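Numbering (the numbering used here), first residue to last: 64 to 172.
Report on the following structure.
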């Protein structure tokens with residue numbers, strides 16, 4: 064490690080530079096900005112098309128975020144399809160219990 068003030072080499076655990084006496088600032092921690100994001104996953108759950116686009120854009124450069132976007136979009140599509148099927152089944156059950164099918168078919172002829 065080198066002193067930021069004078070450029071002389073210093074020990075990694077030194078608190079001050081032995082040459083100039085300047086305080087040694089610890090190295091900034093490396094932050095990985097490519098971590099999966101819950102916010103992106105939730106956004107893509109509600110807007111799966113945006114999730115697909117973000118996945119395709121980020122799959123090579125930011126695979127962690129791309130994975131979140133892809134998972135959110137996929138789960139959103141699966142939940143949407145399941146809800147549509149449930150609503151269709153409930154509609155047929157409710158309509159079927161209301162309508163007298165014999166009379167309905169009679170009027171169709």
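Beta carbons are placed, not taken as given, at the ideal position from N, Cα and C, and that holds for glycine.
Quick caveat: nothing in here was measured; it's all calculated off a predicted structure.
An exposed status is given to residue 74, since fewer than 16 other beta-carbon atoms sit within 10 Å of its beta-carbon. Fewer than three pairs of CB atoms, one per stretch, sit closer than 8 Å, so the stretch 118 to 131 makes no contact with the stretch 145 to 154. By the Cβ rule, the stretch 104 to 115 does not count as touching the stretch 81 to 92, because fewer than three pairs are nearer than 8 Å.
Close CB contacts of residue 84 within its chain, under the 8 Å cut and outside five residues either way in sequence, are absent. Take residue 118, set aside five residues on each side of it, and the residues of its chain with a beta-carbon closer than 7 Å to its own are 129, 132, 133 and 136, in chain order. Per DSSP, the continuous alpha helix (DSSP H) segment holding residue 126 begins and ends at 126 to 161. Between residue 159 and residue 171, the alpha-carbon positions lie close to 16 Å from each other.
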